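**Student:** Using my numbering, the first residue of the sequence shown is number 124, and each one after it goes up by one. Yeah, the Cβ is synthetic: ideal placement off N, Cα and C, and Gly gets one too. None of the values given here were measured: they were computed from a predicted structure.
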Amino acid sequence: MTQTQSAILISKIAKLAAPPPNMTVSQWADSHRQLSSEASAEPGRWNTNRAPYQREIMDALCDPRVETVVIMSSAQIGKTEVINNIIGYHVHLDPSPILLLQPTLEMAEAWSKDRFAPMLRDTDVLRGLVKDPRTRDSGNTLLHKRFPGGHITMAGANSPASLASRPIRLVLCDEVDRYPASAGTEGDPVSLAKKRTTTFWNRKLLLTSTPTIKGASRIEAAFEQSDQRHFHVPCPQCGEYQTLKWGQVKWDSGDNGHKPETAHYVCEHNGCIIVDSDRHAMLKAGRWVAEQPLTDIAGFHINELYSPWVTFAQTVTDFLRAKALPETLKTWVNTSLGEPWEEEGETIEADVLLNRKESWGSDAPEQVVLVTAGVDVQGDRLEIEVKGWGIGEECWSLDYRIFYGDPAQDSVWRELDSYLLKPIRSKTGVNLNIACVCVDSGGHHTQAVYEFCGARAVRGVFAVKGINQMAKPLVGRPSRNNRYKLRLYPIGTDTAKEVIYSRLRITEPGIGYFHFPLERDREYFLQLTGEKQVTRFTKGVARREWIKIRSRNEVLDCTVYALAAFKLLNPDLVQLADNLERTQHAAPEPETTDTSNSKPQAQWIPRMDNWLSR
Numbered sequence: 124m125t126q127t128q129s130a131i132l133i134s135k136i137a138k139l140a141a142p143p144p145n146m147t148v149s150q151w152a153d154s155h156r157q158l159s160s161e162a163s164a165e166p167g168r169w170n171t172n173r174a175p176y177q178r179e180i181m182d183a184l185c186d187p188r189v190e191t192v193v194i195m196s197s198a199q200i201g202k203t204e205v206i207n208n209i210i211g212y213h214v215h216l217d218p219s220p221i222l223l224l225q226p227t228l229e230m231a232e233a234w235s236k237d238r239f240a241p242m243l244r245d246t247d248v249l250r251g252l253v254k255d256p257r258t259r260d261s262g263n264t265l266l267h268k269r270f271p272g273g274h275i276t277m278a279g280a281n282s283p284a285s286l287a288s289r290p291i292r293l294v295l296c297d298e299v300d301r302y303p304a305s306a307g308t309e310g311d312p313v314s315l316a317k318k319r320t321t322t323f324w325n326r327k328l329l330l331t332s333t334p335t336i337k338g339a340s341r342i343e344a345a346f347e348q349s350d351q352r353h354f355h356v357p358c359p360q361c362g363e364y365q366t367l368k369w370g371q372v373k374w375d376s377g378d379n380g381h382k383p384e385t386a387h388y389v390c391e392h393n394g395c396i397i398v399d400s401d402r403h404a405m406l407k408a409g410r411w412v413a414e415q416p417l418t419d420i421a422g423f424h425i426n427e428l429y430s431p432w433v434t435f436a437q438t439v440t441d442f443l444r445a446k447a448l449p450e451t452l453k454t455w456v457n458t459s460l461g462e463p464w465e466e467e468g469e470t471i472e473a474d475v476l477l478n479r480k481e482s483w484g485s486d487a488p489e490q491v492v493l494v495t496a497g498v499d500v501q502g503d504r505l506e507i508e509v510k511g512w513g514i515g516e517e518c519w520s521l522d523y524r525i526f527y528g529d530p531a532q533d534s535v536w537r538e539l540d541s542y543l544l545k546p547i548r549s550k551t552g553v554n555l556n557i558a559c560v561c562v563d564s565g566g567h568h569t570q571a572v573y574e575f576c577g578a579r580a581v582r583g584v585f586a587v588k589g590i591n592q593m594a595k596p597l598v599g600r601p602s603r604n605n606r607y608k609l610r611l612y613p614i615g616t617d618t619a620k621e622v623i624y625s626r627l628r629i630t631e632p633g634i635g636y637f638h639f640p641l642e643r644d645r646e647y648f649l650q651l652t653g654e655k656q657v658t659r660f661t662k663g664v665a666r667r668e669w670i671k672i673r674s675r676n677e678v679l680d681c682t683v684y685a686l687a688a689f690k691l692l693n694p695d696l697v698q699l700a701d702n703l704e705r706t707q708h709a710a711p712e713p714e715t716t717d718t719s720n721s722k723p724q725a726q727w728i729p730r731m732d733n734w735l736s737r
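Set out below in structure tokens:
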């Protein structure tokens with residue numbers, strides 16, 4: 124080795140062994156970070172003063188007293204860029220083994236391509252530190268990248284393999300309330316990730332998320348164990364410090380309804396009026412205040428009212444849109460206020476629903492513009508619930524039937540098929556076809572379900588399989604079964620039941636209300652309310668799950684599948700109502716009340732093979 128080579132080697136070793144410069148994450152970001160045009164609405168040089176509340180959050184990871192940082196927040200507060208800055212800082216100045224844990228492997232891949240790669244490209248001090256995976260000797264992949272002195276692994280909480288046992292110093296867990304209860308059979312993903320830091324004396328853990336359900340929220344539990352910091356800002360008129368709360372947002376309303384454009388904030392101390400243009404100065408003078416004594420867990424809670432990217436008017440507009448339905452209001456509370464949603468109760472009384480029965484005759488009410496159905500497959504029968512849907516997702520139970528027979532034999536399926544082909548007569552004088560049917564394939568007759576649905580996909584008959592896991596989408600992306608030429612749709616049954624039970628709690632007809640006819644007996648309502656949601660703890664981690672409180676719950680299952688069929692279509696109910704009205708006006712008056720075959724069919728539902736392949 125030449126003298127020059129030795130000097131270069133010594134220089135590299137010294138650089139790797141040297142302590143990180145006396146610079147915090149926010150200082151690094153202000154000095155070096157460039158926001159990319161494809162990943163930011165405000166590309167260019169990073170400026171922490173744009174959202175000053177981010178400064179202490181980022182710098183907490185540089186505090187030697189702090190091991191864990193918790194961010195319980197709304198959306199739209201710049202959390203993703205905070206994570207990017209933390210990673211950029213460590214890649215450049217404090218190289219370490221890093222793990223970024225996303226809820227799913229697909230989300231980790233998307234972050235690598237859409238967030239990490241642009242930051243490496245556009246931030247000068249990072250460019251070249253991580254080799255392009257296309258380079259022959261890079262050793263890098265989409266989800267694992269090396270840089271001098273460290274590496275970063277991007278993993279999914281749903282993938283046990285991606286949580287393999289590499290020692291990690293810095294663990295960044297994003298959207299932890301969307302993680303599954305267990306990574307396969309290995310256990311809680313956060314606990315698994317945290318175990319990988321045990322060999323590092325200077326380990327750091329970041330937990331971020333919008334919260335979900337009170338008492339079962341990972342981020343809420345972590346925040347409660349922290350020093351619980353809240354951002355206090357001064358009133359621009361009286362100077363009194365306060366946290367921004369939704370209850371202090373006011374707006375005008377008149378004969379024509381709400382006027383969100385008049386939204387403003389009212390100072391809780393002296394009633395001063397605060398408008399959007401006041402917020403920049405308020406944020407600049409703001410300060411984080413801990414409600415609990417300092418520990419090694421620094422916790423931060425912040426909501427959308429602080430965001431420089433969201434006006435008071437926009438928050439009010441979103442609230443007015445969300446408040447109509449319990450599930451959309453829940454999402455708004457979680458993602459706009461950054462607060463956990465508190466459920467009203469664990470059970471619904473069957474007799475309360477029984478007393479709500481009403482009479483509308485044999486024809487579907489005129490408000491119904493779309494019909495879906497859900498089929499539950501039992502060992503000796505098929506059960507079906509037919510739902511009619513109106514504007515605002517108001518819902519009518521149009522029919523409930525049981526077809527007895529062995530599902531392994533063709534006869535019971537032929538009976539179901541004949542039933543599905545019969546239109547539903549409406550009081551408008553138009554016949555409504557069943558637009559979409561979801562059939563449960565998760566039992567002992569999967570092959571029979573596949574054969575039935577595969578041959579009828581063009582009619583909107585689809586096989587579904589329930590996924591009993593929190594935070595799963597009500598209807599997920601389908602998988603393809605080439606043998607039976609069908610798409611199999613995963614159904615988030617926990618999510619569906621939450622929606623159904625929240626709708627059943629609505630007491631006034633209108634948006635989201637569930638109507639039931641006089642024909643439904645008490646057994647129907649006992650089965651519909653045959654489960655309840657409970658919180659269970661596994662190794663200290665809370666999780667919500669549905670348990671049966673009665674032996675039979677087929678009505679609830681059928682309702683889940685009928686709701687899934689509706690969500691699968693994702694219809695524009697207002698447009699369907701307009702189309703139905705035009706069809707009604709174009710229809711000739713029926714000569715008698717029993718000539719249903721002569722009535723025009725409502726044919727506004729697009730062909731299923733085209734509509735559902737988007």
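Roughly how many angstroms lie between the CA atoms of residue 220 and residue 150, to the nearest whole one?
**Tutor:** The residue you call residue 220 lines up with position 97 of the sequence shown. The residue you call residue 150 lines up with position 27 of the sequence shown. Rounded to whole angstroms, residue 220 to residue 150 spans 22 Å at the Cα level.
**Student:** CA-CA distance, residue 495 and residue 689?
**Tutor:** Taking the sequence shown and counting its residues from 1, the one referred to as residue 495 is at position 372. Taking the sequence shown and counting its residues from 1, the one referred to as residue 689 is at position 566. Looking at the two C-alpha atoms, the distance is approximately 6 Å.
**Student:** Take residue 408 and list the residues in its own chain whose beta-carbon comes closer than 6 Å to its own, dropping the five residues that flank it on each side.
**Tutor:** Taking the first residue of the sequence shown as position 1, residue 408 is located at position 285. Excluding residues within five positions, the ones whose Cβ falls inside 6 Å are 357.
**Student:** Check this for me: beta carbons of residue 578 and residue 561, under 9 Å apart or not?
**Tutor:** Mapped onto the sequence shown, residue 578 falls at position 455. Mapped onto the sequence shown, residue 561 falls at position 438. Not in contact: residue 578 and residue 561 (Cβ atoms no closer than 9 Å).
**Student:** Give me whichever residues DSSP pairs with residue 191 in a beta bridge.
**Tutor:** Along the sequence shown, read from residue 1 onward, the residue named residue 191 stands at position 68. Beta-bridge pairing links residue 191 to 328, 420.
**Student:** Which class does residue 714 belong to by DSSP, given the choice of helix, strand or coil?
**Tutor:** Here residue 714 refers to the residue found at position 591 of the sequence shown. Confidence in residue 714 is poor, its pLDDT being 44 and thus under 50, which makes the residue's placement unreliable; the coordinate value appears in the next sentence. Coil, per DSSP.
**Student:** Quick check on the DSSP output: the alpha helix (DSSP H) that includes residue 573 runs from which residue to which?
**Tutor:** Stepping through the sequence shown from its first residue, residue 573 is reached at position 450. Segment 569 to 577, the alpha helix (DSSP H) holding residue 573.
**Student:** Using DSSP with H/G/I as helix, E/B as strand and the rest coil, what is residue 223?
**Tutor:** Residue mapping note: residue 223 aligns to position 100 of the sequence shown, counting from 1. Strand.
**Student:** Residue 581: buried (16+ other C-beta within 10 angstroms of its C-beta) or exposed?
**Tutor:** As a first step, residue 581 must be located in the sequence shown, where it is residue number 458. Its Cβ having fewer than 16 others within 10 Å, residue 581 is exposed.
**Student:** Which same chain residues end up closer than 7 Å to residue 670 when comparing Cβ atoms and leaving out the 5 residues on each side of it in sequence?
**Tutor:** Indexing the sequence shown from 1 puts residue 670 at position 547. The answer, listed in chain order, is 654, 655, 657.
**Student:** Please give the ranges of any beta strand (DSSP E) in the stretch 635 to 714, keeping only runs that are unbroken, at least 3 residues long and fully inside the region.
**Tutor:** Listed in chain order, they are 654 to 661, 664 to 671.
**Student:** Can you tell which of 379, 154, 351 has the C-alpha that lies nearest to the C-alpha of residue 414?
**Tutor:** Here residue 414 is taken as the residue at index 291 of the sequence shown, counted from 1. Out of 379, 154, 351, 351 has the C-alpha closest to the C-alpha of residue 414.
**Student:** Tell me, please, which residues DSSP counts as bridged to residue 520.
**Tutor:** Start at 1 with the first residue of the sequence shown, and residue 520 comes out as number 397. Per DSSP, 510.
**Student:** Could you tell me which whole beta strand (DSSP E) segments of length 3 or greater appear in the stretch 228 to 282?
**Tutor:** DSSP runs (the beta strand (DSSP E)) wholly in the stretch 228 to 282: 267 to 270, 273 to 279.
**Student:** Using DSSP bridges, identify the partner residues of residue 387.
**Tutor:** Indexing the sequence shown from 1 puts residue 387 at position 264. Per DSSP, 373.
**Student:** Three-state secondary structure (DSSP) at residue 481?
**Tutor:** The count along the sequence shown starts at 1 and reaches residue 481 at position 358. Residue 481: strand per DSSP, three-state reduction.
**Student:** Checking the sheet assignment: what are the DSSP bridge partners for residue 504?
**Tutor:** For this step, residue 504 is matched to residue 381 along the sequence shown. Its beta-bridge partners are 501, 527.
**Student:** Verify whether the separation of the beta carbon atoms of residue 329 and residue 317 is less than 9 Å.
**Tutor:** Counting from one through the sequence shown, the residue named residue 329 turns up at place 206. Counting from one through the sequence shown, the residue named residue 317 turns up at place 194. The answer is no: Cβ separation not under 9 Å.
**Student:** Under 9 Å, do residue 444 and residue 664 count as touching if we go by C-beta distance?
**Tutor:** Residue mapping note: residue 444 aligns to position 321 of the sequence shown, counting from 1. Residue mapping note: residue 664 aligns to position 541 of the sequence shown, counting from 1. No; because the gap between Cβ atoms is not below 9 Å, this pair is not in contact.
**Student:** According to DSSP, is residue 185 helix, strand or coil?
**Tutor:** The residue labelled residue 185 in the question sits at position 62 within the sequence shown. Helix at residue 185.
**Student:** In this structure, what does DSSP give as the bridge partners for residue 603?
**Tutor:** Residue 603 sits at position 480 when you count from the first residue of the sequence shown. Per DSSP, 610.
**Student:** Below 8 Å on the Cβ atoms is my contact criterion, and I expect residue 160 with residue 333 to pass it. Report the Cβ-Cβ distance as a whole number of Å.
**Tutor:** Counted from its first residue, the sequence shown places residue 160 at position 37. Counted from its first residue, the sequence shown places residue 333 at position 210. Incorrect: roughly 26 Å between the Cβ atoms, too far for contact.
**Student:** Do residue 513 and residue 492 have their beta-carbon atoms positioned less than 9 Å apart in this structure?
**Tutor:** By 1-based counting over the sequence shown, the position of residue 492 is 369. By 1-based counting over the sequence shown, the position of residue 513 is 390. Closer than 9 Å, so yes.
**Student:** Applying the 10 Å Cβ sphere with the 16-neighbour rule, what's the burial state of residue 239?
**Tutor:** If you number the sequence shown from 1, residue 239 lands on position 116. Looking at its Cβ environment, which holds 16 or more other Cβ atoms inside 10 Å, residue 239 is buried.
**Student:** Can you give the Cα-Cα distance for residue 627 and residue 618, rounded to whole angstroms?
**Tutor:** Here residue 627 is taken as the residue at index 504 of the sequence shown, counted from 1. Here residue 618 is taken as the residue at index 495 of the sequence shown, counted from 1. Taking the straight line from one Cα to the other gives about 14 Å.
**Student:** My output table needs one value for residue 491: the three-state DSSP class, helix, strand or coil.
**Tutor:** Residue numbering aside, residue 491 sits at position 368 when the sequence shown is read from its first letter. Coil, per DSSP.
**Student:** Just how far apart, CA to CA, sit residue 199 and residue 478?
**Tutor:** Mapped onto the sequence shown, residue 199 falls at position 76. Mapped onto the sequence shown, residue 478 falls at position 355. One C-alpha to the other measures close to 44 Å.
**Student:** According to the Cβ coordinates, are residue 694 and residue 487 closer than 9 Å?
**Tutor:** Counted from its first residue, the sequence shown places residue 694 at position 571. Counted from its first residue, the sequence shown places residue 487 at position 364. In this structure, residue 487 does not lie closer than 9 Å to residue 694 by Cβ.
**Student:** Quick check on the DSSP output: the alpha helix (DSSP H) that includes residue 341 runs from which residue to which?
**Tutor:** Here the question's residue 341 lines up with position 218 in the sequence shown. Its alpha helix (DSSP H) spans residues 341 to 347.
**Student:** Contact defined as beta carbons within less than 8 Å: I believe residue 175 pairs with residue 428. What is the distance between those atoms, to the nearest angstrom?
**Tutor:** The residue you call residue 175 lines up with position 52 of the sequence shown. The residue you call residue 428 lines up with position 305 of the sequence shown. Not confirmed; about 15 Å, so no contact.
**Student:** If you reduce the DSSP assignment to three classes, tell me which class residue 432 lands in.
**Tutor:** Sequence index remark: in the sequence shown, residue 432 carries index 309 (1-based). In this structure, residue 432 counts as coil in the three-state DSSP scheme.
**Student:** Would you check if there are 3 or more beta carbon pairs closer than 8 Å linking the stretch 222 to 232 to the stretch 296 to 312?
**Tutor:** The stretch 222 to 232, when compared against the stretch 296 to 312, does touch it at the 8 Å Cβ threshold.
**Student:** For the candidate residues 215, 268, 217, 250, whose alpha-carbon lies nearest to that of residue 232?
**Tutor:** One-based indexing of the sequence shown puts residue 232 at position 109. Residue 268 is the option with its Cα nearest to residue 232.
**Student:** Pick from 707, 668, 673, 706: whose alpha carbon is nearest that of residue 338?
**Tutor:** Taking the first residue of the sequence shown as position 1, residue 338 is located at position 215. Cα-wise, what sits closest to residue 338 is 668.
**Student:** Using only alpha-carbon positions, find the residue among 360, 403, 189, 368 that is nearest to residue 396.
**Tutor:** Residue 396 sits at position 273 when you count from the first residue of the sequence shown. Comparing Cα-Cα distances from residue 396 to each of 360, 403, 189, 368, the minimum goes to 360.
**Student:** I need the straight-line Cα distance from residue 375 to residue 402, nearest angstrom please.
**Tutor:** Position 252 of the sequence shown, counting from 1, holds the residue named residue 375. Position 279 of the sequence shown, counting from 1, holds the residue named residue 402. Rounded to whole angstroms, residue 375 to residue 402 spans 20 Å at the Cα level.
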